[in-house]
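Asks:
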Amino acid sequence: MAELAATTELTALTDEASLTALGSGKVAVLFGADWDPPSQQLTQLLTEAASKKTYGTVTLATADADTCEALADAFDVEALPTLLLRENNTTVATHEAPSAALVNETLQEFAKRESVPTTPSDAEAVAKTRLELRLKQLISGAPGMLFMKGSPDTPRCGFSRQIVELLREASVPFSHFDILTDEEVRQGLKKFSDWPTYPQFYANGELVGGLDILKEMVAEGDLKGQLDLKPIDDNIIDGQDEETALNERLKALTSQSKCMLFMKGSPDNERCGFSRTIVALLREHSVEFDSFDILTDNDVRQGLKKFSDWPTYPQLYVDGELVGGLDIVQEMAADGGLKGQLGL
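Residue numbering for the sequence shown follows the numbering used here, beginning at 54 and increasing consecutively.
(1) Starting from residue 130 and walking both ways along the alpha helix (DSSP H), at which residues does that stretch end?
(2) From the DSSP secondary-structure annotation, give me the bridge partner or partners of residue 117.
(3) Tell me residue 345's beta-bridge partners as DSSP assigns them.
(4) In the DSSP assignment, find the beta strand (DSSP E) that holds residue 256 and state where it starts and stops.
(5) Can you check which of these residues, 121, 108, 120, is closest to residue 138 by C-alpha distance?
(6) Do residue 249 and residue 243 have their CB atoms nearer than 8 angstroms?
(7) Report the partner residues of residue 385 according to the DSSP bridge assignment.
(8) Between the C-alpha atoms of residue 152 and residue 85, what's the straight-line distance to the nearest angstrom?
(9) Can you give the beta carbon distance from residue 311 to residue 235, rounded, assuming they're within the 8 angstroms contact cut?
(10) Taking all protein chains shown into account, decide if residue 3 is buried (16 or more other Cβ within 10 angstroms of its Cβ) or exposed.
(11) Quick check on residue 322: does DSSP put it in helix, strand or coil?
(12) Can you grab the Cα-Cα spacing for the pair residue 324 / residue 390, in whole Å?
(13) At which residues does the beta strand (DSSP E) containing residue 365 begin and terminate?
(14) Do you know offhand how far residue 344's Cα is from residue 320's?
(15) Going by alpha carbons, who is nearest to residue 113 out of 87, 134, 140, 82?
(16) Under 8 angstroms, do residue 299 and residue 211 count as touching if we go by C-beta distance?
(17) Which partner residues of residue 164 appear in the DSSP bridge assignment?
(18) May I ask you to verify whether the stretch 327-346 touches the stretch 367-378, counting CB pairs closer than 8 angstroms and requiring at least 3?
(19) Please report the straight-line C-alpha distance between residue 341 and residue 102, rounded to a whole angstrom.
(20) Classify residue 118 as buried or exposed, calling it buried when 16 or more other Cβ atoms lie within 10 Å of its own Cβ.
(21) How should residue 257 be labelled, buried or exposed, when 16 other C-beta atoms within 10 angstroms of its C-beta is the threshold for buried?
(22) Is it buried or exposed, residue 90, if we count other Cβ atoms within 10 angstroms and call 16 or more buried?
(23) List the whole-angstrom C-beta distance separating residue 260 from residue 246, where the pair is believed to meet the contact cut-off of C-beta under 8 angstroms.
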């Protein structure tokens, strides 16, 4: 979308579409609430600034965090007021509970800053292609794939919690990806699937939709039947044999999160002593990780041993590369700075 000239009025946002409609230029969004005095003070400041075009080509907007809950959730707004700076439809800075002086200074600098060119370089084009390939692998990593905030056992937002409960109540099997662990996937998937918010649910590699869509399907009855999840072998890409298809799936699973643990059980319900020990070790060193329960999928359990040439579990991966099992992680912890050694 072309860059639009800044208006002389403060724009009140209602959803992500209204934000996108402001164009790809410099946009400042203030998330606040009517009941919050600091929010009202900053809203008044921006209203006056918009009328005088104090900040040049910067478009000024506000969003009520209470009435625009989905929009606030999409941008992880956790404090009021919060000032968001965006350019080329990408968030470039976030300021929580800023003072009026800081807002003024920040917007003055933002207005003066040279605009970022939108023409992609060769390197950007290559990066985009690689990201799209990774996203295709991720959404096809399991028949049912949920992109959410947090994990099914520890959801990090209300919408994610509701969709997990809904899927479990309908006995829908699914794997998941925590978008909070990978900003590239989080932003890239919105554009890739043309769906602006999370959670997102995919069936057989195709986008179904978010929480509202699944609620509608539940109301119609038999969610599991409507999703018609097919065994992974039925989703084999033309020309691939079963082993190749499994390897593609394993590649997607090991890259599903920045740090990925394949274990028996879940972090809150370990099914063996080794898994319990490695979970405790990772948590002790503040290592954020996602997990896959190998007891739920024998193809993954047996295939990953061969794929990574590592015969036992648990197995820990970072950026899709095998780190090792419990012994390796214990040795790294003994050397000091486990989180740093993992590059996290």
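Just so it is clear, CB atoms sit at the ideal spot from N, CA and C, and this is done for glycine as well.
Bear in mind that the values here come from a model prediction, so they are computed numbers and not experimental data.
Replies: So, from the data block:
(1) On the sequence shown, position 77 is the one that residue 130 refers to. Neither: residue 130 is in no alpha helix (DSSP H) and is coded neither H nor E.
(2) Walking along the sequence shown from the start, residue 117 turns up at place 64. Answer is 85.
(3) Taking the sequence shown and counting its residues from 1, one reaches residue 345 at position 292. 315, per the DSSP bridge assignment.
(4) Within the sequence shown, numbered from 1, the residue matching residue 256 stands at position 203. Here the beta strand (DSSP E) through residue 256 covers 253-256.
(5) In the sequence shown, counting from the first residue as 1, residue 138 sits at position 85. Among 121, 108, 120, the Cα nearest to that of residue 138 is on 108.
(6) Reading the sequence shown from its first residue, position 196 is the one you call residue 249. Reading the sequence shown from its first residue, position 190 is the one you call residue 243. Yes. Within cutoff.
(7) Start at 1 with the first residue of the sequence shown, and residue 385 comes out as number 332. Per DSSP, none; premise fails for residue 385.
(8) Translated into the one-based positions of the sequence shown, residue 152 becomes position 99. Translated into the one-based positions of the sequence shown, residue 85 becomes position 32. Cα to Cα, the separation comes out at about 13 angstroms.
(9) Working through the sequence shown from its first residue, we reach residue 311 at position 258. Working through the sequence shown from its first residue, we reach residue 235 at position 182. Contact flag correct, Cβ pair sits at about 6 angstroms.
(10) Because the chain in this structure spans residues 54 to 397, residue 3 falls outside the shown range and cannot be described.
(11) Numbered from 1 along the sequence shown, position 269 holds the residue referred to as residue 322. DSSP places residue 322 in strand when its eight states are reduced to three.
(12) By one-based count along the sequence shown, residue 324 stands at place 271. By one-based count along the sequence shown, residue 390 stands at place 337. Each residue's Cα considered, the two are about 27 angstroms apart.
(13) On the sequence shown, position 312 is the one that residue 365 refers to. Looking at the DSSP string, residue 365 is not in any beta strand (DSSP E), and its letter there is neither H nor E.
(14) Position 291 of the sequence shown, counted from the start, is the residue given in the question as residue 344. Position 267 of the sequence shown, counted from the start, is the residue given in the question as residue 320. C-alpha separation (whole angstroms): 7 angstroms.
(15) If you number the sequence shown from 1, residue 113 lands on position 60. With distances taken between Cα atoms, residue 113 lies closest to 82.
(16) Position 246 of the sequence shown, counted from the start, is the residue given in the question as residue 299. Position 158 of the sequence shown, counted from the start, is the residue given in the question as residue 211. For residue 299 and residue 211, no; Cβs fall outside 8 angstroms.
(17) Translated into positions along the sequence shown, residue 164 becomes position 111. None, per the DSSP bridge assignment.
(18) yes
(19) Residue mapping note: residue 341 aligns to position 288 of the sequence shown, counting from 1. Residue mapping note: residue 102 aligns to position 49 of the sequence shown, counting from 1. C-alpha separation (whole angstroms): 42 angstroms.
(20) For the purposes of this step, residue 118 is identified with residue 65 of the sequence shown, where counting begins at 1. By the neighbour-count rule (16 or more Cβ atoms within 10 Å), residue 118 is buried.
(21) Position 204 of the sequence shown, counting from 1, holds the residue named residue 257. Buried.
(22) Locating residue 90 in the sequence shown gives position 37, counting from the first residue. With fewer than 16 other Cβ atoms within 10 Å, it is exposed.
(23) As a first step, residue 260 is located in the sequence shown; it is residue number 207 there, counting from the start. As a first step, residue 246 is located in the sequence shown; it is residue number 193 there, counting from the start. Sure, about 5 angstroms apart at Cβ, within 8 angstroms.
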